[in-house]
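S.K.:
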Amino acid sequence: MSESVPERVLSDVIAENLRATQGINPGRGERRSWDRSIPILARDLVEAGLGGVEMLIEYQLPLTSKRADVILAGRDRRTGADSYLIVELKQWSQAELYEDDADLVLVSGMGPRPKLHPVVQVRGYCEYLADFVGALDQHRNAVRGVAYLHNASDPDIHDLYDHVEDERTRLFSKTRRGHFVDYLRGQFAPEPGAAAADRLLSSSIRPSKQLLKAAAGEIKNRDQFVLVAEQRLAYEMVLHAVEKARAGNSKQVVIITGGPGSGKSVIALSLLGELSDRGYSALHATGSRSFTETMRRVVAKGSTRMKAMFKYFNNFMTAKPNELDVLICDEAHRIRETSANRFTRSDQRTGRPQLDELINAARVPVFLLDEHQVVRPGEMGRVADITNYAHSLGLAVHQVDLDAQFRCGGSRKYEEWVLRLLGLDGVGPEVWKGDDHFAVSLTESPYELEAMLRARLQAGYSARITAGFCWSWSAPSGDDSLVADVRIGDWARPWNVKGDRAVGNAPASALWASAPGGFEQVGCVYTAQGFEYDWNGVIFGPDLVYREGRLVTVRSASKDPALMRRGVSDEQADRLIRNTYKVLLTRGMMGTAVYSIDPATQEFLAGLLETQV
């Protein structure tokens with residue numbers, strides 16, 4: 000069931016022969032020397048008379064990369080039903096609350112950054128397991144959790160006990176070892192736990208009915224999710240395919256295509272809410288960290304459980320066939336050749352196409368995409384790729400093309416102008432003739448571009464600056480400040496933050512487009528893709544310049560590591576650079592202002608646009 004099978008051992012075997020632990024493979028094996036903790040837990044179980052309880056070591060939570068240290072599987076002492084206890088083992092000897100925050104702790108000897116309170120951590124594991132393991136759907140109370148700080152005495156962790164205990168999660172220390180043994184006796188019957196472990200490991204993976212109900216209530220109450228015209232058609236097509244697949248015990252594929260702002264993500268979220276409300280098991284997935292994290296923080300705001308509805312494409316490597324009713328693949332142009340990356344274990348490097356994993360995972364896989372947003376080598380999210388692969392499996396494919404345009408002020412004229420400018424539709428550039436719904440202008444310098452957009456920001460609108468990937472991207476300086484890598488003359492600004500934490504006033508990468516402080520950094524395509532803001536500024540770098548009557552790409556001017564890989568042809572690089580600027584130019588809802596660092600290109604753009612401030 001999990002993405003890799005945990006090591007199964009009996010507690011009495013470990014307790015009687017500690018050398019046996021040397022042969023246990025702890026999943027990915029790089030986390031820590033957990034073998035010191037496992038024998039201690041095993042001895043406590045044996046002392047409690049529970050040597051037959053099974054220990055599932057390094058259990059990988061379904062559809063995630065997270066691992067629980069140990070899940071104990073056995074029979075409930077009171078009811079005889081299956082019972083599971085998640086044990087988070089900590090070797091900490093001293094810890095305290097972080098600035099009186101009950102959810103965060105500082106651990107002695109582990110630096111100044113806080114860590115998640117271990118009880119909060121194990122409580123989350125309990126909720127997640129109950130939400131996604133089919134065998135537990137109606138038996139949530141069968142899963143409990145404890146944090147066991149077996150090296151710590153009570154005085155050294157005394158304030159960790161505040162606000163942490165409830166009926167399903169507990170905290171024990173070395174001082175309270177006797178209480179822990181008594182707690183184990185109260186949880187499990189002195190019987191073998193193999194059958195309970197088997198049922199957990201072989202159970203289907205799907206969102207629970209309770210989680211689906213919560214998702215439906217959260218999403219369907221959002222009045223901004225209103226579907227019109229082709230959006231509604233695509234929505235109804237998916238619902239029809241789902242009903243037909245269930246009735247006929249069959250499988251179908253749906254592809255929804257559309258340009259930026261055509262409503263693909265609104266359709267995706269509306270479907271997630273409606274399908275959840277109807278009791279279908281459905282999940283949302285993307286290949287973009289920024290996009291997924293924003294979904295989790297905005298759509299699932301305030302609900303830790305709801306965040307689990309939003310996955311990544313590579314979370315389905317070992318999903319069983321058709322375990323989900325529907326898998327909604329948003330931003331499907333980001334689908335990769337394979338899910339394997341540098342962190343993937345060797346036994347999972349099968350070369351299996353990521354597209355196969357996604358189609359395999361659900362009865363109705365839904366792909367929402369824009370082919371002009373393929374910006375990295377190895378991305379396979381094109382209509383032909385998906386259609387051909389589905390047909391090779393003998394599956395019916397239904398396609399809906401969205402021709403409505405909601406980003407860019409609803410200006411179809413602007414999107415067509417961008418496609419012609421970049422040579423993406425086979426027709427040459429044309430003069431921008433204006434549109435009452437959308438403003439397009441050329442600025443004479445990066446200073447002018449920034450001043451124009453800052454004025455919009457100060458007027459209460461959202462605004463961001465992006466640029467082609469033509470400058471190096473440095474790590475933060477030693478004083479935890481960003482390096483001003485994007486330099487044009489004496490104007491210099493940093494790229495957006497690379498990672499998941501804020502740097503000074505600069506928000507984390509996933510929040511650059513929406514959080515305060517994002518305007519002070521220049522966004523790259525990987526951060527801007529999938530987002531929108533009112534006013535959009537785009538800096539053309541030296542990778543796309545005007546020469547001999549047309550815009551040409553200069554691969555050598557790009558600093559994008561993706562274009563430096565072997566095997567990426569010049570033809571591919573040309574298309575990816577053009578697609579990059581297509582993404583950057585279509586983020587604005589009300590208007591876009593542009594500037595090129597290349598004089599000839601700036602002059603060319605001036606011939607197409609009026610210079611406005």
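Going by numbering that gives the first Met the number 0, the first residue of the sequence shown is number 0, and it counts up by one from there.
For each residue, glycine too, the CB sits at the ideal point set by N, CA and C.
1. Which two residues bound the contiguous beta strand (DSSP E) that contains M379?
2. Going by beta-carbon coordinates alone, are L170 and A146 separated by less than 8 Å?
3. Kindly indicate which three-state DSSP category T465 falls into: helix, strand or coil?
4. Would you mind listing the beta strand (DSSP E) stretches within the segment 458-535 that are 3+ residues and don't spill past its ends, in chain order?
5. Going by the beta-carbon positions, is the gap between I327 and L271 smaller than 8 Å?
6. Given 8 Å as the limit, is there contact between the segment 472-485 and the segment 562-573, that is, 3 or more CB pairs closer than that?
7. In its own chain, which residues sit with a C-beta less than 7 Å from the C-beta of R288, not counting the 5 before and 5 after it?
8. Pairing CB atoms from the segment 517-528 with CB atoms from the segment 484-492, are three or more of them under 8 Å?
9. Are H283 and D324 closer than 8 Å when you measure CB to CB?
10. Report all residues from its chain with a CB closer than 8 Å to the CB of H397; omit the five preceding and five following residues, and keep chain order.
11. Which one of E378, S461 and K581 has the shortest CA to CA distance from S338?
12. Going by DSSP in three states, A267 sits in which element: helix, strand or coil?
13. Provide the residue(s) that pair with G144 in DSSP beta bridges, ordered along the chain.
14. Considering only the alpha carbon of each residue, which of R167, G540 and V439 lies closest to F468?
15. So, helix, strand or coil for R406, using DSSP?
16. Going by DSSP, what residue range makes up the alpha helix (DSSP H) through M236?
17. The beta strand (DSSP E) spanning F312 covers which residue range?
18. State the Cα-Cα distance for the pair S249 and L394, rounded to the nearest angstrom.
19. Is L62 near N359, with beta carbons less than 8 Å apart?
20. E126: which of V52, Y279, A514 and S207 sits nearest, CA to CA?
21. So if DSSP puts D75 in a beta bridge, which residue, or which two residues, is it bridged to?
22. Would you call the segment 130-146 and the segment 182-201 in contact, with 3 or more CB pairs under 8 Å?
23. Grab the span of the beta strand (DSSP E) containing A101 for me, first residue to last.
24. Mapping the DSSP letters down to three states, classify Q251 as helix, strand or coil.
25. Please classify R598 as buried or exposed, where buried requires at least 16 neighbouring CB atoms within 10 angstroms.
26. What three-state label does DSSP hand M588 in the structure shown?
27. Pull up the distance between the alpha-carbon of D424 and that of E273, whole angstroms please.
28. Does the Cβ-Cβ distance between W511 and V496 come in under 8 Å?
29. What do you get for H332, buried or exposed, if any count of 16 or more other CB atoms within 10 angstroms of its CB means buried?
30. Can you tell me which of the three DSSP states L608 falls into?
31. So G103 packs on L115, CB below 8 Å; how close in whole Å?
32. Alpha carbon to alpha carbon, how far is D434 from Y446?
33. Considering only residues of the same chain and omitting the five flanking positions on each side of L607, which have a CB-CB separation below 7 Å?
34. Exposed or buried, which one is S555 when buried takes at least 16 other CB atoms within 10 Å?
35. Give the straight-line distance between the Cα atoms of A507 and V537, rounded to the nearest whole angstrom.
36. From the DSSP output, in three-state form, read off I596 for me.
M.R.: Result, derived from the coordinates:
1. Sequence index remark: in the sequence shown, residue 379 carries index 380 (1-based). From DSSP, M379 is part of no beta strand (DSSP E); its letter is neither H nor E.
2. Numbered from its first residue, the sequence shown carries residue 170 at position 171. Numbered from its first residue, the sequence shown carries residue 146 at position 147. Yes, the pair counts as a contact, with Cβ atoms nearer than the cut-off.
3. Walking along the sequence shown from the start, residue 465 turns up at place 466. Of the three classes helix, strand and coil, the one that applies to T465 here is strand, per DSSP.
4. 462-466, 485-487 and 490-492
5. Here residue 327 corresponds to residue number 328 of the sequence shown, with the count starting at 1. Here residue 271 corresponds to residue number 272 of the sequence shown, with the count starting at 1. Yes, the pair counts as a contact, with Cβ atoms nearer than the cut-off.
6. no
7. Locating residue 288 in the sequence shown gives position 289, where the first residue counts as 1. Closer than 7 Å at Cβ, skipping near neighbours: A509.
8. yes
9. Position 284 of the sequence shown, counted from the first residue, corresponds to residue 283. Position 325 of the sequence shown, counted from the first residue, corresponds to residue 324. Not a contact, by the Cβ cut-off of 8 Å.
10. What you label residue 397 is simply residue 398 of the sequence shown in a count that begins at 1. The residues are M236, A240, Q251, V252, V253 and I254.
11. For the purposes of this step, residue 338 is identified with residue 339 of the sequence shown, where counting begins at 1. With distances taken between Cα atoms, S338 lies closest to E378.
12. Looking up residue 267 in the sequence shown gives position 268. Helix, per DSSP.
13. Along the sequence shown, read from residue 1 onward, the residue named residue 144 stands at position 145. According to DSSP, G144 bridges with I85 and T168.
14. Numbered from 1 along the sequence shown, position 469 holds the residue referred to as residue 468. Ranking R167, G540 and V439 by Cα distance to F468 puts G540 first.
15. By 1-based counting over the sequence shown, the position of residue 406 is 407. With a pLDDT of only 48 at R406, under the threshold of 50, the placement of this residue in the model should not be trusted, and no figure is reported.
16. Sequence index remark: in the sequence shown, residue 236 carries index 237 (1-based). Note, M236: alpha helix (DSSP H), E229 to G247.
17. For the purposes of this step, residue 312 is taken as residue 313 along the sequence shown, with counting starting at 1. No beta strand (DSSP E) holds F312; DSSP gives it neither H nor E.
18. Translated into positions along the sequence shown, residue 249 becomes position 250. Translated into positions along the sequence shown, residue 394 becomes position 395. In a straight line, the C-alpha of S249 is about 9 Å away from that of L394.
19. As a first step, residue 62 must be located in the sequence shown, where it is residue number 63. As a first step, residue 359 must be located in the sequence shown, where it is residue number 360. No, Cβ-Cβ distance for L62 and N359 is not below 8 Å.
20. For the purposes of this step, residue 126 is taken as the residue at position 127 of the sequence shown. Here the closest residue by C-alpha is S207.
21. Along the sequence shown, one-based indexing puts residue 75 at 76. In the DSSP output, where bridge partners are listed per residue, D75 has F187.
22. yes
23. Taking the sequence shown and counting its residues from 1, the one referred to as residue 101 is at position 102. D100 to V106 is the extent of the beta strand (DSSP E) around A101.
24. The residue given as residue 251 occupies position 252 in the sequence shown. Strand, per DSSP.
25. Within the sequence shown, numbered from 1, the residue matching residue 598 stands at position 599. The sequence given here has Pro at residue 598, not Arg. The residue is exposed, with fewer than 16 neighbouring Cβ atoms inside 10 Å.
26. Locating residue 588 in the sequence shown gives position 589, counting from the first residue. It is a strand residue.
27. For the purposes of this step, residue 424 is taken as the residue at position 425 of the sequence shown. For the purposes of this step, residue 273 is taken as the residue at position 274 of the sequence shown. Approximately 36 Å between the Cα atoms of the pair.
28. Against the sequence shown, residue 511 aligns to sequence position 512. Against the sequence shown, residue 496 aligns to sequence position 497. In contact: W511 and V496 (Cβ atoms closer than 8 Å).
29. Taking the first residue of the sequence shown as position 1, residue 332 is located at position 333. H332 is buried by the Cβ-count criterion.
30. Residue mapping note: residue 608 aligns to position 609 of the sequence shown, counting from 1. L608 falls in the coil class under three-state DSSP.
31. Within the sequence shown, residue 103 is the residue found at index 104, counting from 1. Within the sequence shown, residue 115 is the residue found at index 116, counting from 1. It should be pointed out that residue 103 corresponds to Leu in this sequence rather than to Gly. Correct: roughly 7 Å between the Cβ atoms.
32. Taking the sequence shown and counting its residues from 1, the one referred to as residue 434 is at position 435. Taking the sequence shown and counting its residues from 1, the one referred to as residue 446 is at position 447. So the two alpha carbons sit approximately 26 Å from each other.
33. Here residue 607 is taken as the residue at index 608 of the sequence shown, counted from 1. So the qualifying residues of the chain are P428, V430 and W431.
34. In the sequence shown, the residue the question calls residue 555 occupies position 556. Looking at its Cβ environment, which holds fewer than 16 other Cβ atoms inside 10 Å, S555 is exposed.
35. Counting from one through the sequence shown, the residue named residue 507 turns up at place 508. Counting from one through the sequence shown, the residue named residue 537 turns up at place 538. Rounded to the nearest angstrom, the two C-alpha atoms are 21 Å apart.
36. Against the sequence shown, residue 596 aligns to sequence position 597. If DSSP states are grouped into helix, strand and coil, I596 belongs with coil.
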